[in-house]
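J.: Below you'll find the structure I mean.
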Amino acid sequence: MKNCVLALLLCIPILTIGQASQATLLAHWDDESIPQAFFANPYHDAWGAVVNDKEIGIITSTLGIHFFDLSNTEAEFEPVAFAPAPVQGNTIGHRDVKTYLHYAYAVADEGASTLQVIDMSGLPESVEVVYDSDEFIRTTHNIFIDEDNARLYAVGGSGFNLRILSLENPEQPQLLASYPTVDVPLPYIHDLYVRDNIAYLNAGPAGLIVMDMSDAVNPELLGTMTEYIEQGYNHSGWLSDDGQYYYLGDETHGLDIKIVDVSDLSDMSVVATMDASSFPGQIPHNVYPKDGLLYVSYYYDGLQVYDVSNPLFPRRVAYYDTYDGPDVEFFAGAWGVFVLPSGRTLISDMNSGLYFFEAIDVPPYTSVTANVTSINACVETATEFSIEVGTDFLPSGVTLSTEGSSGTIEVQLGTTDANPGDIVSVSVTGLEAGDATVVIHSTDGASEGQTAINVHVIGLPIPATLQAPNNGRENVSLTPFFFWTGNGPSGLLPKRIQVSTDGDNFEENIIYELAVAGNSLTFPNTLEEGTTYYWRIVISGECGDSPSAIFSFTTETTTQATEIGGNSFQLYPNPAKEAVRLSFNQPIEEALQIDWLSANGQRIKTETMGAQAQELGMDISNLPDGLYLVRMSSLQESVSRRILIKH
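Residue numbers for the sequence shown follow the working numbering, so the first one is 123 and each next one is one higher.
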């Protein structure tokens with residue numbers, strides 16, 4: 123009977139959605155007597171070490187540094203030693219700690235703090251502060267230790283953006299270099315990772331900077347990544363074991379963790395992203411890779427673990443939410459993460475203390491993984507991404523489908539019949555603007571998985587509505603005032619004004635094109651008199667340009683007096699319908715020839731105004747509408763004026 127039941131179970135596909143399982147919590151510690159800082163946080167960073175063959179857990183607080191013996195999970199989970207900080211209390215919002223040999227190095231970002239060196243050789247019974255000085259470091263946001271080269275790097279400090287100390291004598295740090303300098307004008311550095319003297323500097327809004335610090339006083343810039351997808355506040359990161367990828371966290375709500383290809387430091391790029399699959403404002407804090415897994419401390423979402431054995435297709439395999447409060451766009455929950463040699467994990471929750479987890483048991487890979495967590499797709503335009511077929515499916519083959527995807531998108535798979543480990547392309551075309559979901563179902567008959575990718579379909583911006591000059595307006599200033607409404611969301615989309623001389627072939631005859639802000643512009647150039655122009659506003663969105671309707675306007679033609687031989691005259695009306703009069707202030711002394719020229723310079727008609735005449739009426743009833751040049755010539759000089767004829 124047991125065999126029959128087993129056979130029946132084998133015939134039922136096992137559905138896995140996302141495949142992430144809850145991590146196993148071994149212990150948790152929280153001391154309610156510790157003062158809270160300004161984020162309601164008694165706690166800060168977490169770290170670990172191996173001392174006297176025992177794994178040690180470390181958490182920092184507003185009081186100092188707490189040490190835990192992790193060798194006996196059956197024992198009460200309480201600190202076995204404590205190093206008090208020189209400055210304590212609710213003003214200390216950030217305290218960082220790192221280890222080197224059997225020493226812990228601690229700093230704070232507030233108050234009259236110091237660099238402390240703590241001898242851990244007495245653990246699990248005791249620790250001793252052997253150095254406590256502000257000679258080189260008073261306040262600093264973060265530190266990192268390049269253990270192979272015995273160097274401590276401090277960033278975001280009081281009076282420096284980056285400072286390097288030698289730990290050749292671990293109990294007596296010595297200053298090697300400090301930046302910025304005139305030759306190395308480093309911006310504010312928030313955090314960093316260093317391996318083999320190569321420093322990966324997380325520079326907040328300035329992006330990622332990579333420098334060779336082999337010569338501490340003469341560093342060499344190796345590369346920068348100042349623009350990248352889903353860019354936010356470049357907060358922290360860690361290099362992969364093979365040195366080919368950098369796991370990057372932007373401390374910005376709603377942005378993913380990035381995997382950056384750093385194999386060529388002159389051309390770094392994001393190749394994959396991952397998130398906590400929680401709420402739109404989710405926000406990562408720190409990362410720590412080990413043995414093909416990436417461990418992340420997520421504000422509001424606790425521990426998140428990803429299989430990054432294929433860096434192009436990271437998949438979420440484990441989690442544990444340490445924060446019980448509501449998910450909001452602020453800062454609360456998990457702060458630091460550290461993975462011990464045993465694979466067991468520490469998480470510091472800034473509000474609720476230290477969490478200790480069993481090593482992660484990675485579940486079978488029987489689903490598909492996308493190289494993105496979400497995509498933006500344009501209406502009527504295909505957007506592509508890739509999926510990896512799980513390597514633990516049966517070798518007989520895997521069937522893929524998009525059943526369950528939203529109806530506002532069209533989804534096409536590169537193939538519906540795949541093998542374990544295959545990379546399959548996916549094409550998504552938006553049918554209408556809005557939010558949708560791509561659902562990819564995979565099965566080998568025994569196991570099946572389902573993966574969802576959020577899609578934001580973007581249409582073209584709503585065109586601007588032209589207000590002034592209104593369509594067909596005449597006698598418009600030679601420096602017109604343009605006004606329109608509708609500038610895209612919050613008026614922030616880029617836009618430009620275009621002015622053309624031809625309404626039918628507008629783009630081929632554009633004479634002015636200017637980027638504009640707001641919804642009005644006084645034209646910075648002087649247009650020709652009596653000329654018909656055409657204008658529009660073009661709003662640029664993520665998916666293309668959205669031009670407005672085209673309006674025409676005709677500029678004014680001045681009728682102020684001008685002179686021939688010192689005798690002022692007027693040519694009016696302008697625009698004219700049936701006749702035009704040429705009137706002088708005094709009778710002219712010599713005859714004038716008056717030529718009417720078309721816009722292309724062709725002579726249309728010629729008239730003569732005799733000597734001693736003072737006025738001349740000219741019939742234009744037979745001339746077609748348009749702009750004409752009236753040229754009045756004597757033997758000594760010639761004066762021209764434009765006349766617009768509109769019957």
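Each residue gets a CB set at the ideal place from its N, CA and C atoms; glycine is no exception.
1) Please state whether DSSP places Glu-630 in a helix, a strand or coil.
2) Using CA coordinates, which residue listed in Tyr-655, Pro-602, Thr-730, Glu-510 is at the minimum distance from Phe-628?
3) Going by DSSP, what residue range makes up the beta strand (DSSP E) through Thr-749?
4) Do you know offhand how far Gly-211's Cα is from Tyr-253's?
5) Given a cut-off of 8 Å, decide if Phe-673 and Leu-588 are closer than it, judged by their beta-carbon atoms.
6) Helix, strand or coil for Arg-764, going by three-state DSSP, please let me know.
7) Look at the alpha carbon of Ala-171 and the alpha carbon of Ile-178, and state the distance between them as a whole number of angstroms.
8) Count the other C-beta atoms from every protein chain shown that fall within 10 angstroms of the C-beta of Pro-84, then say buried if there are 16 or more, exposed otherwise.
9) So, helix, strand or coil for Asn-744, using DSSP?
10) Can you tell me the Cα-Cα spacing of Val-761 and Pro-585, whole angstroms?
11) For Val-316, which of Ser-280, Asn-356, Gly-365 has the nearest alpha-carbon?
12) On the criterion of 16 or more Cβ atoms from any shown chain inside 10 Å, does Ala-683 qualify as buried, or is it exposed?
13) Express the C-alpha separation of Lys-412 and Gln-572 in angstroms, rounding to a whole number.
14) Would you identify the three-state DSSP class for Asn-473, choosing helix, strand or coil?
15) In chain order, which continuous runs of the beta strand (DSSP E) of length 3 or greater are located wholly inside the stretch 172 to 211?
16) Are the beta-carbon atoms of Asp-423 and Ala-398 separated by less than 8 Å?
17) Could you have a look at Asn-408 and say whether DSSP puts it in helix, strand or coil?
18) Rank Arg-753, Gly-594, Pro-591, Ser-496 by C-alpha distance to the C-alpha of Val-548 and give the top, closest one.
19) Under 7 Å Cβ to Cβ from Asn-631, same chain only, skipping five residues before and after it: list those, please.
20) List the DSSP bridge partners of His-150.
21) For Gln-238, does the count of other Cβ atoms within 10 angstroms reach 16, so buried, or fall short, so exposed?
22) Have a look at Thr-503, Ile-562, Ile-509, Asn-493 and flag the residue whose alpha-carbon is nearest the alpha-carbon of Ser-523.
23) Pick helix, strand or coil for Asn-163, following the three-state DSSP scheme.
24) In whole angstroms, give me the CA-to-CA distance for Tyr-441 and Ser-489.
25) What separation, rounded to the nearest whole angstrom, lies between the Cα atoms of Val-430 and Gly-526?
26) Could you tell me which residues DSSP puts in a beta bridge with Cys-500?
27) Give me, in chain order, the residues of the same chain whose beta-carbon lies closer than 6 Å to that of Met-347; leave out the 5 immediate sequence neighbours on both sides.
28) Going by the DSSP bridge assignment, what does Pro-669 pair with across the sheet?
29) Determine the direct distance from the alpha carbon of Arg-273 to that of Ile-482, and round the result to whole angstroms.
30) Is the number of C-beta pairs between the stretch 708 to 718 and the stretch 735 to 745 that are closer than 8 Å three or more?
31) Return the first residue and the last residue of the beta strand (DSSP E) that Ser-323 is part of.
32) Would you call the stretch 291 to 306 in contact with the stretch 357 to 373, where contact means no fewer than 3 C-beta pairs closer than 8 Å?
33) Could you have a look at Glu-596 and say whether DSSP puts it in helix, strand or coil?
34) Rounded to a whole number of angstroms, what is the C-alpha to C-alpha distance between Asp-372 and Asn-356?
35) Kindly indicate which residue of Asp-191, Thr-374, Ala-713, Pro-433 has the alpha-carbon position closest to the one of Leu-468.
36) Could I get the ranges of all uninterrupted beta strand (DSSP E) runs contained in the stretch 687 to 729, with 3 residues as the minimum, in chain order?
T.: With the given structure in hand:
1) For this step, residue 630 is matched to residue 508 along the sequence shown. Three-state DSSP puts Glu-630 in a helix.
2) In the sequence shown, residue 628 corresponds to position 506, counting from 1. Ranking Tyr-655, Pro-602, Thr-730, Glu-510 by Cα distance to Phe-628 puts Tyr-655 first.
3) As a position in the sequence shown, residue 749 is number 627, starting the count at 1. Reading off the sequence shown, one finds Leu at residue 749, where the question assumed Thr. Start and end: 748 to 755.
4) By one-based count along the sequence shown, residue 211 stands at place 89. By one-based count along the sequence shown, residue 253 stands at place 131. For Gly-211 and Tyr-253, the distance between alpha carbons rounds to 21 Å.
5) One-based indexing of the sequence shown puts residue 588 at position 466. One-based indexing of the sequence shown puts residue 673 at position 551. It is a contact, given that the beta carbons lie within the stated cut-off.
6) Position 642 of the sequence shown, counted from the first residue, corresponds to residue 764. Strand, per DSSP.
7) Counting from one through the sequence shown, the residue named residue 171 turns up at place 49. Counting from one through the sequence shown, the residue named residue 178 turns up at place 56. Looking at the two C-alpha atoms, the distance is approximately 5 Å.
8) Lying before the first or after the last residue shown, residue 84 is absent from the chain, which here runs from 123 to 769.
9) On the sequence shown, residue 744 is found 622 positions in, with the first residue counted as 1. Asn-744 falls in the coil class under three-state DSSP.
10) Here residue 761 is taken as the residue at index 639 of the sequence shown, counted from 1. Here residue 585 is taken as the residue at index 463 of the sequence shown, counted from 1. Approximately 45 Å, taken between the alpha carbons.
11) If you number the sequence shown from 1, residue 316 lands on position 194. Measuring from the Cα of Val-316, the nearest candidate turns out to be Gly-365.
12) The count along the sequence shown starts at 1 and reaches residue 683 at position 561. Reliability of the predicted coordinates at Ala-683 is poor, the pLDDT of 49 falling under 50, and the value obtained from them is presented with this limitation in mind. By the 10 Å Cβ count, Ala-683 comes out exposed.
13) On the sequence shown, residue 572 is found 450 positions in, with the first residue counted as 1. On the sequence shown, residue 412 is found 290 positions in, with the first residue counted as 1. Straight-line Cα distance between these residues: approximately 27 Å.
14) Taking the sequence shown and counting its residues from 1, one reaches residue 473 at position 351. Three-state DSSP puts Asn-473 in coil, outside helix and strand.
15) 176 to 183, 186 to 191, 203 to 206
16) Position 301 of the sequence shown, counted from the start, is the residue given in the question as residue 423. Position 276 of the sequence shown, counted from the start, is the residue given in the question as residue 398. Yes, Cβ-Cβ distance for Asp-423 and Ala-398 is below 8 Å.
17) The sequence position of residue 408 within the sequence shown is 286, counting from 1. The answer is strand: DSSP assigns Asn-408 an E or B state.
18) Working through the sequence shown from its first residue, we reach residue 548 at position 426. It is Ser-496.
19) Along the sequence shown, one-based indexing puts residue 631 at 509. Contacts found: Ser-622, Thr-623, Asp-624.
20) By one-based count along the sequence shown, residue 150 stands at place 28. In DSSP, His-150 forms a bridge with Tyr-477.
21) Translated into the one-based positions of the sequence shown, residue 238 becomes position 116. It counts as buried.
22) In the sequence shown, counting from the first residue as 1, residue 523 sits at position 401. Selected option, being the one with the closest Cα: Ile-562.
23) Here residue 163 corresponds to residue number 41 of the sequence shown, with the count starting at 1. Residue state, collapsed to three classes: coil.
24) Within the sequence shown, residue 441 is the residue found at index 319, counting from 1. Within the sequence shown, residue 489 is the residue found at index 367, counting from 1. Taking the straight line joining both Cα atoms gives about 18 Å.
25) Counted from its first residue, the sequence shown places residue 430 at position 308. Counted from its first residue, the sequence shown places residue 526 at position 404. Rounded to whole angstroms, Val-430 to Gly-526 spans 27 Å at the Cα level.
26) Translated into positions along the sequence shown, residue 500 becomes position 378. Per DSSP, Ile-580.
27) Looking up residue 347 in the sequence shown gives position 225. Closer than 6 Å at Cβ, skipping near neighbours: Gly-329, Leu-330, Met-390.
28) Position 547 of the sequence shown, counting from 1, holds the residue named residue 669. Looking at the DSSP assignment, Pro-669 forms a beta bridge with Val-660.
29) As a first step, residue 482 is located in the sequence shown; it is residue number 360 there, counting from the start. As a first step, residue 273 is located in the sequence shown; it is residue number 151 there, counting from the start. Using only the alpha carbons, I get a separation of about 32 Å.
30) yes
31) Here residue 323 is taken as the residue at index 201 of the sequence shown, counted from 1. Going by the sequence as given, residue 323 is Leu instead of Ser. Its beta strand (DSSP E) spans residues 320 to 324.
32) no
33) Position 474 of the sequence shown holds residue 596. Strand, per DSSP.
34) Here residue 372 refers to the residue found at position 250 when the sequence shown is read from its first residue. Here residue 356 refers to the residue found at position 234 when the sequence shown is read from its first residue. Straight-line Cα distance between these residues: approximately 5 Å.
35) Translated into the one-based positions of the sequence shown, residue 468 becomes position 346. The shortest C-alpha separation from Leu-468 is found at Asp-191.
36) 689 to 694, 701 to 706, 714 to 719
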